[in-house]
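If you count by our numbering, then the sequence shown holds residues 130 to 704, one letter each, in order.
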Amino acid sequence: MGRSLLDAEDFARAIAAGTEWLGANKELVNALNVFPVPDGDTGTNMHLTLLAAVREISKAQGKTLSDLAEAVALGSLMGARGNSGVILSQLLRGFAKGVEGKTTLDVAGLARGLQVAASMAYKAVMKPVEGTMLTVARQAARSAAECRRDNLDIVSAVEKILRDAQDTLEKTPEMLPTLKEAGVVDAGGQGLVFFWEGLVKSILGETVFTRRDTLVVVPQKADAAPAAKRVKEIAEPDLEFRYCTEFLVKGKNLPLDMLRQALARFGDCVLVVGTSDVAKVHIHTNHPGQVLEHCIRMGELHEMKIDNMAYQHNEFEEARFRRNGVASADYDDEEQDSPEKAGSEEAANTKERKIEKPVGVVAVAIGEGLSAILKSLGADVIVEGGQTMNPSIEELRDAVYEVSAKSVIILPNNGNVILTANKVKELAPDIDTVVVPTKTIPQGVAALVTYNPQADAESNRESMQGMISQVSTGEVTYAVRASCVNGFTIDEKDFIGIKDGELCSTGKERNEVAMNLVSQMVDPDTSLITIYHGEDVHSEDANGLAERLADIYPYLEVEVHYGGQPVYYYIISTE
130 MGRSLLDAED
140 FARAIAAGTE
150 WLGANKELVN
160 ALNVFPVPDG
170 DTGTNMHLTL
180 LAAVREISKA
190 QGKTLSDLAE
200 AVALGSLMGA
210 RGNSGVILSQ
220 LLRGFAKGVE
230 GKTTLDVAGL
240 ARGLQVAASM
250 AYKAVMKPVE
260 GTMLTVARQA
270 ARSAAECRRD
280 NLDIVSAVEK
290 ILRDAQDTLE
300 KTPEMLPTLK
310 EAGVVDAGGQ
320 GLVFFWEGLV
330 KSILGETVFT
340 RRDTLVVVPQ
350 KADAAPAAKR
360 VKEIAEPDLE
370 FRYCTEFLVK
380 GKNLPLDMLR
390 QALARFGDCV
400 LVVGTSDVAK
410 VHIHTNHPGQ
420 VLEHCIRMGE
430 LHEMKIDNMA
440 YQHNEFEEAR
450 FRRNGVASAD
460 YDDEEQDSPE
470 KAGSEEAANT
480 KERKIEKPVG
490 VVAVAIGEGL
500 SAILKSLGAD
510 VIVEGGQTMN
520 PSIEELRDAV
530 YEVSAKSVII
540 LPNNGNVILT
550 ANKVKELAPD
560 IDTVVVPTKT
570 IPQGVAALVT
580 YNPQADAESN
590 RESMQGMISQ
600 VSTGEVTYAV
610 RASCVNGFTI
620 DEKDFIGIKD
630 GELCSTGKER
640 NEVAMNLVSQ
650 MVDPDTSLIT
660 IYHGEDVHSE
670 DANGLAERLA
680 DIYPYLEVEV
690 HYGGQPVYYY
700 IISTE
């Protein structure tokens, strides 16, 4: 007869293993983007969400299974990124609610937890779509109910749930035509299956494979301490630059372009964005010390983070539990702040907020040019984020607290951030937050054109909502793989034009794709074309595109601005 119960140690170890297994496979999930563009970040968002949950377990005051489930729910909410991360956080929140008060978990409790999890996740989405991670989660709940009915033991149950979830995942292309056309399964559903697969391996006492099939032992609870010392060395991936280095530089008149060019000699994947006062630096390098030494001449360094990408220590050590499967060794000797203490500190910070105007604005953007434009139009705080870099709920919450206003409007400026923004109210209940669901940067710009800081939030919301409906957005990027979408046959590295979320232009020449895209955006009511060119486009190329458009549409005004955004060569608006 198999095991009938899981305790708190089993639960903590399983969550850690599921997180690690998803992390090891997150790039596979990222690759399952319907459009073959370089902005697939579902796997990364789900993994970061789970890492936040794992960190919160170590802070849990109680150590019962219910306490740990609640900690997982809190951590995932605070760290949720993107739609997939928010939905995952709601699944974990629902599970915690379903197992509330429990010290052990049997099949009946598991079924109850998964049922509440699926229900809460569906409620979090305004228009649930089948063929997504929601469908996979619901099938997992149904499978658990069948296990309870058939009196299966807990091990047999989790194995059956995994099989049924995998079967449902394989059927998602039949439920969503866009998946079938692209030849992929749902990315969020795949991430969920990877998470559950790692969880099952832990419960079975099996091994979890990290990168390059290197084994990491997931110990039985009785052998947790010595097993932690037997973790096999993670194989080194073939990386030219080992250390992912990130930090902020705070100074005056920071020369961002010059800094970006100077850092190129230290490594690759160089990203320098921000303003003349604050710059975010990201680089892959073999000499992080030299990078820091170079940048410290320009200002103060903050929030430094260096990850060894070959070993992924910063991510995996927090996901690997050592003492009884509950507390990471990194936290054993550290005094942790309780949730109550954190809450009281937040309350104190809230009381110190100065109210200087009726309403303020938090906007999401990436790219020094785009951030500067939004600031010039009245945005109080810019949260760095967008495609490939969705901000967490906690980051948006912190930004809201920075605004000296009675009410705060959030402009997500990305369809994948709207759900995250809508959850901010839960973490900042004392502030009137209003989300205007801008899906693109041009919509955010249009919304800010109507912004009146002396009017109330509702009046601003109404005027902004009316303005964004008049804007059409186009984006030009490139294909990361060969694909067939919307009847277009796309080769890898082709340029792609996307109008309001629909692929409508492809080709081998970037500006030709942009011209074709604009031709499908202009209508009789159009009066203005605005081009925001990205960090990889020279101003001469952008101006050349604008001149060609002005020749074709002499009755329209054409503007060009430096956006500095990654991924998209051009963001174009017509209004």
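Built from N, CA and C at the ideal position, the CB exists for glycine as well.
For the beta strand (DSSP E) assignment, the uninterrupted runs of no fewer than 3 residues enclosed by the region 529 to 617 are, from N- to C-terminal side, 534 to 540, 561 to 564, 601 to 607 and 612 to 614.
Between the alpha carbons of residue 546 and residue 642 lies a distance of about 27 Å. With contacts defined by Cβ atoms closer than 9 Å, residue 333 and residue 234 do not form a contacting pair. In this structure residue 603 is in contact with residue 646, their Cβ atoms being roughly 5 Å apart against a cut-off of 8 Å. Only buried fits residue 661, as 16 or more other CB atoms lie within 10 angstroms of its CB. Between the C-alpha atoms of residue 133 and residue 146 there is a straight-line separation of about 20 Å. Considering only 189, 174, 182 and 215, the residue with the shortest C-alpha distance to residue 553 is 215.
Within the model, the alpha-carbon separation for residue 520 versus residue 293 is close to 32 Å. In this chain, residue 209 is not harboured by any beta strand (DSSP E), its DSSP state being neither H nor E.
Annotation: residue 691 is outside any alpha helix (DSSP H); the continuous beta strand (DSSP E) that includes it extends over 686 to 691.
Across the structure, residue 151 and residue 513 are spaced so that their CA atoms are roughly 25 Å apart. Residues 144, 182, 185, 186, 221 and 225 of the same chain have their beta carbon placed closer than 7 Å to that of residue 201, with the five preceding and five following residues left out of the count. Given a length threshold of 4 residues, each whole run of the alpha helix (DSSP H) inside the region 615 to 651 is given here in chain order: 639 to 648. By a beta-carbon distance limit of 8 Å, residue 210 contacts residue 178. Their separation comes to about 6 Å. If you look at residue 662, you'll find it in the beta strand (DSSP E) that goes 657 to 662. Residue 410 is classed as buried because its beta carbon has at least 16 other beta carbons within 10 Å across all chains shown. Scanning its chain for C-beta atoms nearer than 8 Å, with the 5 sequence neighbours on each side dropped, one finds around residue 267 the residues 247 and 251, in chain order. Between the region 315 to 322 and the region 293 to 302, the count of Cβ pairs shorter than 8 Å is three or higher; the stretches touch.
Three or more beta-carbon pairs separated by less than 8 Å link the region 591 to 606 to the region 559 to 571, which places the two stretches in contact. The Cβ atoms of residue 508 and residue 492 lie closer than 9 Å to each other.
From the listed residues 500, 517, 551 and 237, the smallest Cα separation to residue 174 is found for 517.
Minimum Cα-Cα distance from residue 137 among the listed residues 607, 394 and 195 corresponds to 195. A straight line joining the alpha-carbon of residue 431 with that of residue 607 spans about 34 Å.
Contact annotation: residue 490 and residue 372 have beta-carbon atoms that are not nearer than 9 Å. Secondary structure of residue 698 (DSSP, three-state): coil. Counting of Cβ neighbours within 10 angstroms places residue 387 among the exposed residues, the total staying below 16. DSSP places residue 223 within a helical segment (H, G or I) once states are collapsed to three. Ranked by how close their Cα comes to the Cα of residue 171, the residues 232, 380, 317 and 486 have 317 in first place.
Across the structure, residue 582 and residue 245 are spaced so that their CA atoms are roughly 41 Å apart. Between the beta-carbon of residue 651 and that of residue 682 there is about 6 Å, and that keeps the pair under the 8 Å contact cut. Selection 433, 415 and 370 evaluated against residue 379 yields 433 as nearest (Cα-Cα). Ranked by Cα distance from residue 273, the options 241, 261, 598 and 385 are led by 241. With contact defined as three or more Cβ pairs closer than 8 Å, the region 612 to 628 and the region 308 to 315 are in contact. Under DSSP, residue 141 forms no beta bridge with any residue. In the structure shown, the three-state DSSP call for residue 513 is strand. Going by DSSP, residue 676 is part of the alpha helix (DSSP H) stretching over 668 to 681.
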